[in-house]
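Inspection log for the structure reproduced underneath, given as structure tokens.
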Amino acid sequence: MMGAVTERSNNKRTMAADPISRDDPLAKKKKVVDLGSDSDEDLPNPSQWAGVNPDSFSDDYLAKMEKARLDEESAPRPVKIATLNYYKPATRFHTIELFPVRRSGSKAVLLAAKFLLGISSSLDGEPLRRCSGFWVDWDEEKKTGLVLTTARLIRIKDAPYSVWSGGEEYATDADVTVHLLNGTSAKGQLVYLQPHYDLAFLSVQMDQPINLPSLNEKDVEFAQEVFRLGRDNSLNLRITYARAEYLNPTMFERHHNVYLRSPDGHGDDNEFDYGGPVIDLCGEVVGMVNDPKRFGSFIPSSILLNCLDSWKKYQHIARPHLGMMFKDIKLLEPAHVDMLWRKFNIDDGLIVEEVSGGSPAEKFGIQKGDIIESFSGKPVSSTIELENTLMSIYKGTLDAEVHISVGVFHTLEEQRSTVDLTAKLSELGEVIKRGPTDS
Numbered sequence: 001m002m003g004a005v006t007e008r009s010n011n012k013r014t015m016a017a018d019p020i021s022r023d024d025p026l027a028k029k030k031k032v033v034d035l036g037s038d039s040d041e042d043l044p045n046p047s048q049w050a051g052v053n054p055d056s057f058s059d060d061y062l063a064k065m066e067k068a069r070l071d072e073e074s075a076p077r078p079v080k081i082a083t084l085n086y087y088k089p090a091t092r093f094h095t096i097e098l099f100p101v102r103r104s105g106s107k108a109v110l111l112a113a114k115f116l117l118g119i120s121s122s123l124d125g126e127p128l129r130r131c132s133g134f135w136v137d138w139d140e141e142k143k144t145g146l147v148l149t150t151a152r153l154i155r156i157k158d159a160p161y162s163v164w165s166g167g168e169e170y171a172t173d174a175d176v177t178v179h180l181l182n183g184t185s186a187k188g189q190l191v192y193l194q195p196h197y198d199l200a201f202l203s204v205q206m207d208q209p210i211n212l213p214s215l216n217e218k219d220v221e222f223a224q225e226v227f228r229l230g231r232d233n234s235l236n237l238r239i240t241y242a243r244a245e246y247l248n249p250t251m252f253e254r255h256h257n258v259y260l261r262s263p264d265g266h267g268d269d270n271e272f273d274y275g276g277p278v279i280d281l282c283g284e285v286v287g288m289v290n291d292p293k294r295f296g297s298f299i300p301s302s303i304l305l306n307c308l309d310s311w312k313k314y315q316h317i318a319r320p321h322l323g324m325m326f327k328d329i330k331l332l333e334p335a336h337v338d339m340l341w342r343k344f345n346i347d348d349g350l351i352v353e354e355v356s357g358g359s360p361a362e363k364f365g366i367q368k369g370d371i372i373e374s375f376s377g378k379p380v381s382s383t384i385e386l387e388n389t390l391m392s393i394y395k396g397t398l399d400a401e402v403h404i405s406v407g408v409f410h411t412l413e414e415q416r417s418t419v420d421l422t423a424k425l426s427e428l429g430e431v432i433k434r435g436p437t438d439s
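At position 78 of the sequence shown the residue is numbered 78 (UniProt numbering), and the sequence of numbers has no breaks.
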């Protein structure tokens, strides 16, 4: 290459004849060796010489390089000191956006970290899932702790279309390992699976008492600041800052979700967070993560408490299957709510999104678009409120039928009626059969 040839005035030497270019940071090192230097301090790190022609150096220099390489390979590896080494994964507590909650948030997260666990499952010796969970109860007499986590831990098949269409499959015989905070692990015994609420309880034998969380009885407020927590494969703490958001569920989601809205670039889709707690700035649990994808969602603490209470009393968690899907009027666009109020003088309640074919609701004339104003004589304004009402009906007898008084506003006829709906109690996930007119 013509541009690579440079002639010196006194010895006619060209750079093309020298294997080390003028810009090479190692050029000075070679010059020292050529002059017969015996100093090892002039030797560069052997790893810097990849791709360099060894014939360009003297035998003495190559011998020194080989000695340096052997010394480097035989040198003891530096000990990682937890207090000094750079910690990963990094959190966002020292970013400007979290400045107002840095101290209170750090205190809350560290409090919750004491009851947050890593959990893994395997089937026939093959890894199945790695997620999180947290302690919710302790039996002093039996020396066993109860862990709450996601049913996804042992799910081997997702619903092919929607959770409302059914089709999920679970490996209840999967091996479950609970990864404890001291670096040891214990066998987790699956004691209960609740597919509708997507949760599972594990029993773990322990030698000493555990740290239990405080579950907030009151659900989070809209836009309330929260933290989504999880533990990765190394038990490192995963922290996601977000605000709680109430949205109407899609046709592919259950009714009991609260959503998470994180700052741009903060949230991720890591499955480690499945089953982890969502906490407020006081460190109290306000929910359990059931979907970290996109902005993510969680089951609110009011439902978790009802589930825990039902399991303790009856060893089951059941609810009446109504055969309907709903959305909250108050979560619609304000202009839409205003239109409903002007037309029907209604601005609260649940809109029927779907009626299962052949269900009692269909037989009693409830149609898509009708508005449910009350259950058992009590006004209802949110699907989460509805779920808690339905769970309170269960008194310990599975597969029994219950009668529920439902206040309905029929939008096509523009008239009200009270329907005595018969529903079956079940602990399975409710399935909605789409009618013949549904697309």
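Backbone N, C-alpha and C define an ideal beta-carbon position, used for all residues, glycine too.
Handout entry: Distance, THR411 Cα to VAL178 Cα
Key = One-based indexing of the sequence shown puts residue 178 at position 178. One-based indexing of the sequence shown puts residue 411 at position 411. Roughly 52 Å separates the two Cα atoms.
Practice task
Kindly indicate which residue of GLU385, HIS321, PRO160 has the alpha-carbon position closest to the one of LEU350.
Solution key: Translated into the one-based positions of the sequence shown, residue 350 becomes position 350. Nearest of GLU385, HIS321, PRO160 to LEU350, Cα basis: GLU385.
Handout entry: Pair within 7 Å by beta-carbon distance, ALA423 and HIS321
Key = Indexing the sequence shown from 1 puts residue 423 at position 423. Indexing the sequence shown from 1 puts residue 321 at position 321. Yes, the pair counts as a contact, with Cβ atoms nearer than the cut-off.
Practice task
Under 8 Å Cβ to Cβ from ASN388, same chain only, skipping five residues before and after it: list those, please.
Solution key: Position 388 of the sequence shown, counted from the first residue, corresponds to residue 388. So the list reads SER302, ILE303, ASN306, once near-sequence residues are dropped.
Problem - Beta-carbon proximity list for LEU308, same chain, < 7 Å, skipping 5 on both sides - result: In the sequence shown, the residue the question calls residue 308 occupies position 308. Correct list, in chain order: VAL136.
Exercise for the section: Could you pull out every unbroken beta strand (DSSP E) segment of at least 3 residues lying fully inside the region 58-132, listed in chain order? Expected result: Counting only runs of 3 or more, we get 116-123.
Practice task
Locate the beta strand (DSSP E) running through PRO334, then write down its first and last residues.
Solution key: Along the sequence shown, read from residue 1 onward, the residue named residue 334 stands at position 334. If you look at PRO334, you'll find it isn't in any beta strand (DSSP E); it sits in the alpha helix (DSSP H) that goes 334-344.
Problem - According to DSSP, residues forming a beta bridge with ALA186 - result: Position 186 of the sequence shown, counted from the start, is the residue given in the question as residue 186. ALA186 is bridged to VAL178.
Handout entry: Cut-off 6 Å between Cβ atoms - residues of its own chain near MET324, not counting five sequence neighbours on either side
Key = Taking the sequence shown and counting its residues from 1, one reaches residue 324 at position 324. The answer, listed in chain order, is VAL352, VAL355, ALA361.
Exercise for the section: Would you decide whether LEU146 is buried or exposed? Buried here means 16 or more other CB atoms lie within 10 Å of its CB. Expected result: Counting from 1 along the sequence shown, the entry for residue 146 is found at position 146. Counting Cβ neighbours within 10 Å, LEU146 comes out buried, since at least 16 surround it.
Exercise for the section: Quick one: grab the DSSP three-state call for LYS313. Expected result: Your numbering for residue 313 matches position 313 in the sequence shown. In the structure shown, LYS313 sits in a helix (DSSP, three-state: H, G or I).
Practice task
State yes or no: is the C-beta of ILE346 within less than 7 Å of the C-beta of ILE371?
Solution key: Position 346 of the sequence shown, counted from the first residue, corresponds to residue 346. Position 371 of the sequence shown, counted from the first residue, corresponds to residue 371. Contact flag set, yes.
Exercise for the section: Would you tell me roughly how many angstroms separate the C-alpha atoms of LEU181 and GLU168, rounded to the nearest one? Expected result: By one-based count along the sequence shown, residue 181 stands at place 181. By one-based count along the sequence shown, residue 168 stands at place 168. Approximately 32 Å, taken between the alpha carbons.
Practice task
Keeping to the same chain, check which residues put their C-beta closer than 8 Å to that of LEU212; ignore five residues upstream and five downstream.
Solution key: For the purposes of this step, residue 212 is identified with residue 212 of the sequence shown, where counting begins at 1. Once the five neighbours on either side are set aside, the close Cβ partners of LEU212 are PHE115, TRP135, VAL136, ASP137, TRP138.
Problem - Residues that TYR170 bridges to, as DSSP identifies them - result: Your numbering for residue 170 matches position 170 in the sequence shown. Beta-bridge annotation (DSSP): TYR170 is paired with ARG155.
Practice task
Spatial neighbours of LEU428 within its chain, please: CB distance less than 8 Å, with the 5 preceding and 5 following residues excluded, ordered by chain position.
Solution key: Locating residue 428 in the sequence shown gives position 428, counting from the first residue. Take LEU428, set aside five residues on each side of it, and the residues of its chain with a beta-carbon closer than 8 Å to its own are PRO195, HIS196, in chain order.
Problem - SER47 versus GLU72 - alpha carbon distance - result: Against the sequence shown, residue 47 aligns to sequence position 47. Against the sequence shown, residue 72 aligns to sequence position 72. Unreliable positioning characterises SER47 in this predicted model, as indicated by a pLDDT of 49, which lies under 50. The coordinate reading is nonetheless provided below. Roughly 10 Å between the two C-alpha positions.
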